[in-house]
Every structure is written in structure tokens, then in C-alpha cells.
Amino acid sequence: MGGYDQLKRRTRADYPYFLEYRTRWSDNDMYQHMNNAIYNFLYDSVINSYLFEFCGLKPDSSPQYGMVVHSHNDYFASISFPACAELGLRVNKIGNSSVTYEIALFEKGVQQVKSVGAFIQVWVDRDTGRPSVNGISQHVRDGLQRIIADNNQSKL
Numbered sequence: 114m115g116g117y118d119q120l121k122r123r124t125r126a127d128y129p130y131f132l133e134y135r136t137r138w139s140d141n142d143m144y145q146h147m148n149n150a151i152y153n154f155l156y157d158s159v160i161n162s163y164l165f166e167f168c169g170l171k172p173d174s175s176p177q178y179g180m181v182v183h184s185h186n187d188y189f190a191s192i193s194f195p196a197c198a199e200l201g202l203r204v205n206k207i208g209n210s211s212v213t214y215e216i217a218l219f220e221k222g223v224q225q226v227k228s229v230g231a232f233i234q235v236w237v238d239r240d241t242g243r244p245s246v247n248g249i250s251q252h253v254r255d256g257l258q259r260i261i262a263d264n265n266q267s268k269l
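If you want my numbering, it's the 1-based position in the sequence shown plus 113.
Next comes the structure, spelled out in C-alpha cells:
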């Protein structure tokens with residue numbers, strides 16, 4: 114994913130997929146900025162939005178799904194209600210049954226990245242809850258390849 118200083122220099126051009134989120138009053142904590150738990154909620158939302166739209170994931174019936182096994186976040190600046198957040202998504206690594214996502218949160222109209230986080234999912238079989246023997250399905254893998262960090266051009 115990169116070191117702290119490298120992550121702090123991320124720009125929108127580093128991410129091929131975006132989802133917009135209008136912050137809510139209830140997203141703010143007692144310090145008048147978005148609570149750290151909301152960041153993970155938003156990261157999960159942008160990943161799943163991409164999986165639904167481009168990888169054919171159907172939460173109630175897909176034979177596989179991604180289970181989050183690790184997440185972390187680096188914070189660089191605050192965002193708070195009533196700002197509009199723009200969440201950028203890319204894939205940094207695809208393994209046999211795991212995916213490492215990188216997510217950046219920007220404030221609409223502001224160049225500086227507010228936070229960069231990572232989620233690692235292990236794709237499991239719905240019936241067993243265990244990592245898929247054959248790995249991530251080809252259809253999902255193809256969708257994830259469209260936003261892999263090594264690709265300079267988005268294929269969306």
C-alpha cells in the first residue's frame with residue numbers, strides 16, 4: 114500500500130472507481146468531525162457497490178462472497194457534516210482467494226486526501242464459509258482486474 118508519506122500524496126487519479134457520499138449530522142462525533150467508525154462503513158460500502166455493479170455479486174445468492182479479514186486506516190485531515198465525501202477505490206493485489214483493496218476518502222472540491230485505508234477480503238464458499246478451493250471465481254476476478262493498481266488506465 115505504501116508508506117504514510119506516500120499515501121498522503123494520493124490523488125483522485127490513483128483510483129479508477131468513485132462513489133459519492135453525502136455526510137450526515139449523525140456521522141459527526143463529539144469533536145465535530147466524522148467518527149472513525151464511519152470511515153470503515155464507507156469503505157465497506159464502496160467495495161460492495163463495485164462488487165454489485167461490476168462483479169455480479171448478489172449478497173443473497175452468489176456462491177462466493179468476500180469476508181473482511183483485515184482493515185486499517187491512515188487519517189490525514191478531518192471531514193465533517195455537511196461535506197460530500199468522494200471515495201476512490203482500487204485493487205492493490207489479487208491472490209488465489211484474497212483481495213487487497215485500497216480506498217481513499219476525499220472531500221468534494223478539496224484536492225488533499227483525507228484518509229487512505231485498506232481492506233483485505235478472503236473469498237469463501239457460501240455453503241462452507243471456508244476459502245474457496247478453486248479461488249475467486251473468474252467472473253469476480255475479471256471485474257477486480259479492471260481496477261487493479263498496476264493498470265494505468267481504468268477499464269470502466
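Cβ atoms here follow ideal geometry from the backbone N, Cα and C, with glycine treated the same way.
Nearest by alpha-carbon distance to L218: which of L202, D118 and F232 is it?
L202
Go through its chain and collect everything with a Cβ distance to N186's Cβ below 6 Å, but skip five positions before and after it.
Y152, S228 and G230
What are the uninterrupted segments assigned as beta strand (DSSP E) that are 3 or more residues long and contained completely in the segment 155–192, given in chain order?
177–188
Determine the DSSP secondary structure at K221, reduced to helix, strand or coil.
coil
Given R239, which residues of its chain have a CB within under 6 Å of its CB, disregarding the five upstream and five downstream residues?
P176
Among all the DSSP beta bridges, which residues are the ones paired with M147?
N141
Would you kindly report the start and end of the unbroken alpha helix (DSSP H) that includes D238?
Per DSSP, D238 belongs to no alpha helix (DSSP H); it is in the beta strand (DSSP E), V226 to D238.
Limits of the alpha helix (DSSP H) - the one that Y117 falls within
Y117 to K121
Which term fits Q225, buried or exposed, when burial requires 16 or more other beta carbons within 10 angstroms of its beta carbon?
exposed
Considering Cα atoms alone, identify which of Y214, L120 and S250 is closest to F189.
L120
Buried/exposed call for R122, threshold 16 Cβ in 10 Å
exposed
Less than 9 Å between the C-beta atoms of S174 and S210, yes or no?
no
From A196 to F232, what distance separates their C-alpha atoms?
24 Å
Give me the Cα-Cα distance between D255 and V237, rounded to the nearest whole angstrom.
17 Å
Measure the C-alpha to C-alpha separation of K206 and N149 and round it to an integer number of angstroms.
25 Å
Have a look at N247, H146 and E133 and flag the residue whose alpha-carbon is nearest the alpha-carbon of S162.
E133
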